[in-house]
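Sequential numbering from 2 applies to the sequence shown in this note's numbering. The beta carbon of each residue, even a glycine, is placed where N, CA and C say it ideally should be. Worksheet: the structure to be examined is printed underneath.
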Amino acid sequence: MEDAEYFNHKTGLEIAIIGMSGCFPEAPNIEQFWQNLRDGVESIHRFSDQELKNLGIDAALLNDPNYVKAEGLVEDIDLFDASFFDISPREAEIMDPSLRFFLEHSWKALEDAGYSSEVYKKPIGVYAGTSFGSYLLNIYSNYELIASVGDKQIEKATSPDYVTTLVSYKLNLQGPSYAVQTTCSSSLVAVHLACQSLLSGECDIALAGGVSISTAVGYLYKEGGIESPDGHCRAFDAKASGTVKGRGLGLIVLKRLEEAIADGDCIHAVIKGSAINNDGSDKVSYTAPSVNGQAKVIRAAQVMAEVEPDTISYIEAHGTGTSLGDPR
């Protein structure tokens with residue numbers, strides 16, 4: 002098969018990315034994120050002692066030599082247009098920032114794609130992974146607040162389990178709505194599940210992505226852990242010593258490729274195939290990744306996509322800066 006013929010080859014299982022939205026450390030949108038990547042901006046915030054004192058960090062922790070005063074921050078996590086989504090001020094007050102951000106960017110992603118449930122009557126699905134935030138711990142000591150809204154309302158407003166169904170409810174999206182938790186791979190698994198639902202006909206458009214908005218600042222370095230001792234992440238570098246936690250959100254809007262072409266959608270990229278698996282017990286510990294498992298799932302994705310390894314010129318890696326996460 003000639004090169005041009007190979008790259009134009011379609012399996013009929015292709016999924017188009019027709020819209021997106023995101024916010025990242027030092028990048029409130031996709032455009033700034035790309036510029037930061039292009040320019041090699043580290044985007045990790047270094048906290049001053051005064052900043053940390055103002056945030057309520059205990060003096061004992063502040064003076065702990067293992068406390069790393071660094072994190073990837075997203076600005077304005079305290080801001081939210083509650084009335085736009087018909088949410089009361091009290092509801093917004095108790096809602097975890099992850100849920101608020103995901104709701105806002107779901108709207109923005111669909112708007113970027115040129116769709117809304119008001120004009121598009123076919124099923125739109127929502128698939129997302131989210132980390133457990135510390136917001137619940139912050140508000141649970143406020144007994145007056147808890148008593149005024151009740152435990153059940155607090156649970157719905159702070160649990161990551163409700164991140165997708167909140168979007169489906171507020172935006173009137175009537176396709177499947179899945180909250181995914183597979184730790185580091187949650188967002189990619191959400192995208193895979195969205196693609197499978199599109200291919201099976203469960204929905205005709207899908208929102209997929211992930212969000213992580215922690216209210217904690219900095220972290221305690223532990224020998225043998227995954228965090229960097231100096232607050233720098235140097236993936237694939239000889240000096241790599243671990244990762245740095247951060248806040249962020251990314252969402253894409255998906256549609257079957259042939260329909261996206263027929264409807265004149267703006268196609269940013271095409272997903273030719275994806276796959277998921279589990280390592281089982283074939284690894285050194287419960288939380289460690291398996292090289293064999295990773296190789297198998299990559300090969301499975303290539304087979305589904307009908308893509309040969311020697312045609313791949315760019316690989317987006319996990320990039321944690323750890324010996325297990327970024328095997329060399």
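Collapsed DSSP secondary structure at residue i in the structure displayed
| i | result |
| --- | --- |
| R257 | strand |
| T323 | coil |
| M2 | Caution applies to M2, whose pLDDT of 46 falls short of 50 and renders its modelled position unreliable; the model cannot decide the point. |
| S22 | strand |
| V181 | strand |
| R47 | strand |
| T216 | coil |
| V69 | strand |
| D294 | Reading off the sequence, residue 294 comes out as Gly, not Asp. Of the three classes helix, strand and coil, the one that applies to G294 here is helix, per DSSP. |
| L174 | coil |
| L250 | strand |
| A158 | helix |
| A276 | coil |
| A236 | coil |
| A28 | strand |
Spatial distance of residue i from residue j (CA atoms)
| i | j | result |
| --- | --- | --- |
| G176 | P90 | 28 Å |
| A301 | S291 | 15 Å |
| E92 | R101 | 11 Å |
| V285 | H193 | 27 Å |
| T216 | P230 | 21 Å |
| A17 | L137 | 37 Å |
| N64 | E224 | 18 Å |
| G232 | V69 | 6 Å |
| I155 | D97 | 9 Å |
| T184 | D87 | 32 Å |
| D77 | E27 | 11 Å |
| R257 | N67 | 49 Å |
| H10 | H319 | 28 Å |
| E52 | G134 | 21 Å |
| S188 | L146 | 33 Å |
| Y222 | V150 | 37 Å |
| E119 | K153 | 30 Å |
| D327 | S142 | 40 Å |
| E228 | C234 | 9 Å |
| W35 | V218 | 25 Å |
| Y7 | P29 | Its pLDDT being 46, under 50, Y7 is placed unreliably in this model, and the value from its coordinates should be taken loosely. Their Cα atoms are separated by approximately 38 Å. |
| E43 | K123 | 41 Å |
| A61 | N139 | 19 Å |
Anticipated Cβ contact below 8 Å, residue i with residue j, distance rounded
| i | j | result |
| --- | --- | --- |
| G130 | V181 | 4 Å |
| A236 | G126 | At roughly 32 Å, the Cβ-Cβ gap does not stay under 8 Å, so A236 and G126 are not in contact. |
| G251 | G211 | 6 Å |
| E72 | V245 | 7 Å |
| I277 | V298 | 6 Å |
| Y116 | A207 | Not quite, the Cβ-Cβ distance comes to about 11 Å (not below 8 Å), so this is no contact. |
Residues that residue i bridges to, as DSSP identifies them
| i | result |
| --- | --- |
| A207 | G126 and L255 |
| E228 | T244 |
| A270 | I18 |
| L221 | Y68 |
| T12 | DSSP output for T12 lists no bridge partner at all. |
| T131 | V212 |
| A306 | Answer by DSSP bridge pairing: none, since A306 is not bridged. |
Exposure of residue i, with buried meaning 16 or more beta-carbon neighbours within 10 Å
| i | result |
| --- | --- |
| I25 | Per the sequence shown, residue 25 should be read as Phe rather than Ile. Looking at its Cβ environment, which holds 16 or more other Cβ atoms inside 10 Å, F25 is buried. |
| Y315 | exposed |
| F85 | exposed |
| S49 | exposed |
| T165 | buried |
| P310 | exposed |
| A110 | buried |
| S282 | exposed |
| V254 | buried |
| G57 | exposed |
is_contact[residue i, chain B] using C-beta, thresh 8 Å
| i | result |
| --- | --- |
| T244 | No chain B is present in this structure, which holds just one protein chain. |
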